[in-house]
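Student: For the sequence shown, our numbering begins at 216 and goes up steadily by one.
Even glycine gets a Cβ: it sits at the ideal position worked out from N, Cα and C.
Only a predicted model underlies this, so the values are computations on that prediction, with no experimental measurement involved.
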Amino acid sequence: MLFTALLLSGTWNGAFAATTDDVSPEVRKKSASTTGLKEERSASSKSQSTQQKHASQEDETPGSIEQLLVQGHRRNASTDGTGTYTVSAVSTTKMLLKPLDVPQSISVLSSQQMKDQNLNTVDAALKQVAGVNVNMYGDGTGGYTARGFTLQAQYDGVPSMSGLTLSQQYDLAIYDRIEVLRGPDGMLQGSRTPGGSVNFVHKRPTDDFQGNASFSAGSWNNYHATLDVGGPLAHSKIVSARLVVAGTDRNQFYNNAYDRRWTIYGVTDVHLTRHDTLTVSVTSQSNDTTRYMGLPRASNGADLNLPTSTLVGANWGKSEVPMTEVEAQLEHLFSHGWRGRFNYRHRTAATTLQYAYLNAYNASAKTGNFVAANTRYDETNDGLDAYVTGPLHLFGQKHVLMMGANYDRYLYEGGGASANSRTYTALAGIPINANNAIPSLALPTITNRYWEPSTQWGVYGQAQIKPVSRFSILIGGRVSGYVSKTRRISPTVGATSTDIDQQGILTPYIGGVLHLWPNVTAYVSYVSTFSPQSAFDTTGRLSETISSRVVSRESSSTGTWA
């Protein structure tokens, strides 16, 4: 039985601001009487100027950052500090639409929900999302699918190839929310499967100083701690910063296994002008995890009756993945509600994966033959995304337009090797549960290494058109290009081959939303995406002009009730 107990959890909050509660009753009384005299003397002058102030309030130009923060308030999708599970808008569409205005299935995990349910990992969080399946791979990574297809990742709206499945993920303490869109997302993501996308939105500095800390402990020495502190660095609030530190140290229910992760995240907002904000963030994480391949079964499917705590493998098996991510974002607020945003993201990860697994079993002797695997590779992901969006008032209705472009490049560089009992006899005849008997000398040397870059680009646009107040149409599309290459770089350098080269792929999007009641809508959508392929048939490679195009026709009704 799995039992987890929360031993300690706490938060602290502070603000560099004084209130009347911080002074003695005598001082408050004296201050109140003095204030009353001042108000009485100035009442007449205030009444004379009230009309002028109200008349010019809308046209008044903010003279400081503080005024800008108040007057420049607009809808945003942030859940940090709201204390609720709901959101006023989603940023997946980049137009900051209400969830009920998007003609696709969307779920949002808010920071409050992640805190209340003690969700610290991506796999734990996505298990809470309807329609998402999570399959853990035993090395801290997992496979994430929706509607039978793999989910793709984006970070603050920037698409990322190979960013979710089979990839290590950061601690959720650094994220404000997780937005999950089920169904094709080809218009903004480009070449993708029809499963959907997961948008990880980072925390931002707060307007006032705040801080909180938490600690939890559970079964199998499962410890997790976080520290989150930040706010303005000066009274002017021109520069704000935030620091998040999170750590996990836990054992597993199976023997000789552990998972250790340390994450540090720093972000800074700089208000360059009254309309321009530059955000820069840096994230670093170390991962050290025991590789676990699960419990085997007999060739006929029979249960081997092994204890659930058995680790079938080597006690030296591990997965180490140090990761670093740098992001820069520049946002400009235009007049009349328009805004533009430019995002750049750079992530690097260096994976060392060493483990052993069973490939033959002798039931009578209860021994097995093992395979030792050694894998090392580096990953680099660079993403750019730029767009502008804003309202347009025509025919008595408010419409929203959005247009942009993005670029995504993923580079894999590395390789692997394996040894079995035929090439290394010490891997044969080992007791199945004697993980300390598998020699580490069996790890083979990696000789073949490969360089594999994948690049995609696209221009996209979308419009929300409202013929009437209760009905809206979302229409848009994307033109994409995709190139994938491969080259062997050791022991000898080989020629570069272009596996996939597809350009000018059009993926249209159209949907309609009808608001039946205040919290109930009906929608229908037609969404397309494409998935490049490099498959072969009996006569050779399939035509590069043929892509695996997937179209989703979705109609449903959705609503929320208080």
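Taking the alpha carbon of Ala428 as the point to measure from, which residue in Asp443, Asn650 and Asn621 has its own alpha carbon closest?
Tutor: Proximity to Ala428 across Asp443, Asn650 and Asn621 peaks at Asp443, based on C-alpha coordinates.
Student: On the DSSP letters alone, give me the boundaries of the alpha helix (DSSP H) that Lys330 sits inside.
Tutor: Ser326 to Asp331
Student: Using the rule of at least 16 other Cβ atoms within 10 Å of the residue's Cβ for burial, across every protein chain shown, is Pro646 buried or exposed?
Tutor: With fewer than 16 Cβ atoms within 10 Å of its Cβ, Pro646 is classed as exposed.
Student: Excluding the five sequence neighbours on either side, which residues of its own chain have a C-beta within less than 6 Å of the C-beta of Ser636, listed in chain order?
Tutor: Asn584, Leu642 and Ala643
Student: Quick check: Thr785 and Ser699, are their CB atoms within less than 9 Å of each other?
Tutor: No answer is possible for residue 785: the residues shown for the chain start at 216 and end at 777.
Student: Could you tell me the boundaries of the beta strand (DSSP E) in which Met617 lies?
Tutor: Its beta strand (DSSP E) spans residues Gln612 to Ala634.
Student: Since Gly445 is in the alpha helix (DSSP H), which residue starts that stretch and which ends it?
Tutor: Taken as a continuous stretch (DSSP letters only), Gly445 belongs to no alpha helix (DSSP H), being part of the beta strand (DSSP E) at Asn437 to Pro447.
Student: Evaluate the contact criterion for the region 725-733 versus the region 673-689: three or more CB pairs, one atom per stretch, below 8 Å.
Tutor: yes
Student: Name the residue from Thr380, Val323, Gly631 and Leu510 whose alpha carbon lies nearest to the alpha carbon of Thr660.
Tutor: Gly631
Student: What residue range is occupied by the uninterrupted beta strand (DSSP E) comprising Leu721?
Tutor: Ser712 to Trp732
Student: According to DSSP, Gln384 sits in a beta bridge with which residue or residues?
Tutor: Gln384 is not bridged to any residue.
Student: Considering Gly401, what are the terminal residues of the alpha helix (DSSP H) in which it resides?
Tutor: Taken as a continuous stretch (DSSP letters only), the alpha helix (DSSP H) holding Gly401 covers Gly401 to Gln404.
Student: Using a Cβ-Cβ distance cut-off of 9 Å, determine whether Pro374 contacts chain D.
Tutor: The structure shown contains no chain D; it is built from a single protein chain.
Student: Taking Ala340 as part of the alpha helix (DSSP H), name the residues at either end of that continuous run.
Tutor: Val337 to Leu341
Student: Name, in chain order, the residues that DSSP records as bridge partners for Phe585.
Tutor: Leu573
Student: Counting beta carbon pairs with one atom in the region 546-559 and one in the region 521-528, are three or more of them shorter than 8 Å?
Tutor: no
Student: Let me check one thing: in DSSP terms, what residues is Ser364 bridge-paired to?
Tutor: Looking at the sequence itself, residue 364 is Phe, so the reference to Ser does not match. Phe364 pairs with Ala361.
Student: Below 8 Å CB to CB, which residues in the same chain sit around Thr701 once its five sequence neighbours on both sides are set aside?
Tutor: Closer than 8 Å at the Cβ level, and outside the excluded window around Thr701, lie Tyr665, Trp666, Glu667, Thr711, Ser712 and Asp714.
Student: By DSSP, does Asp597 sit in helix, in strand, or in coil?
Tutor: strand
Student: Between Thr249 and the rest of its own chain, which residues show a CB-CB distance below 8 Å, the 5 nearest in sequence each way excluded?
Tutor: For Thr249, the predicted model reports a pLDDT of 42, less than 50, meaning its position is unreliable; a value from the coordinates is still stated below. Cβ within range, chain order: n/a, list empty.
Student: Looking at the strands, I want to know which residues DSSP matches up with Lys700.
Tutor: Answer by DSSP bridge pairing, in chain order: Thr713.
Student: Express the C-alpha separation of Arg591 and Gly629 in angstroms, rounding to a whole number.
Tutor: 6 Å
Student: Contact between the region 404-418 and the region 460-474: three or more CB pairs below 8 Å?
Tutor: no
Student: Is any non-hydrogen atom of the ligand PLP found closer than 8 Å to the C-beta of Ala564, if you look at the structure I gave you?
Tutor: No copy of the ligand PLP appears in this structure; indeed no ligand is present at all.
Student: Could you pull out every residue in the same chain whose Cβ sits closer than 8 Å to the Cβ of His614, ignoring the five residues on either side in sequence?
Tutor: Result list for His614: Pro606, Leu607, His608, Ala678, Gln679, Ile680 and Lys681, in chain order.
Student: Do Ala587 and Ala575 have their C-beta atoms within less than 9 Å of each other?
Tutor: Contact: no.
Student: Are the Cβ atoms of Asp491 and Arg419 separated by less than 9 Å?
Tutor: no
Student: Tell me whether Ala657 is buried or exposed, calling it buried when 16 or more other Cβ atoms sit within 10 Å of its Cβ.
Tutor: buried
Student: Short of 8 Å in beta carbon distance, which residues of its chain neighbour Lys581, apart from the five on each side in sequence? Order them along the chain.
Tutor: Pro646 and Ile647
Student: Are Tyr507 and Gln467 close, meaning C-beta to C-beta below 9 Å?
Tutor: yes
Student: Relative to the alpha-carbon of Gly378, which residue among Thr294, Arg562, Arg703 and Thr638 has its alpha-carbon at the smallest distance?
Tutor: Arg562
Student: Can you tell me whether Ile389 is helix, strand or coil according to DSSP?
Tutor: helix
Student: Ends of the beta strand (DSSP E) at Met351?
Tutor: Val347 to Met351
Student: Among Val739, Phe557, Gly363 and Thr308, which residue has its Cα nearest to the Cα of Leu403?
Tutor: Thr308
Student: Would you decide whether Asn650 is buried or exposed? Buried here means 16 or more other CB atoms lie within 10 Å of its CB.
Tutor: buried
Student: Which residue from Glu535, Pro654, Ala340 and Gly719 puts its Cα closest to that of Gly353?
Tutor: Glu535
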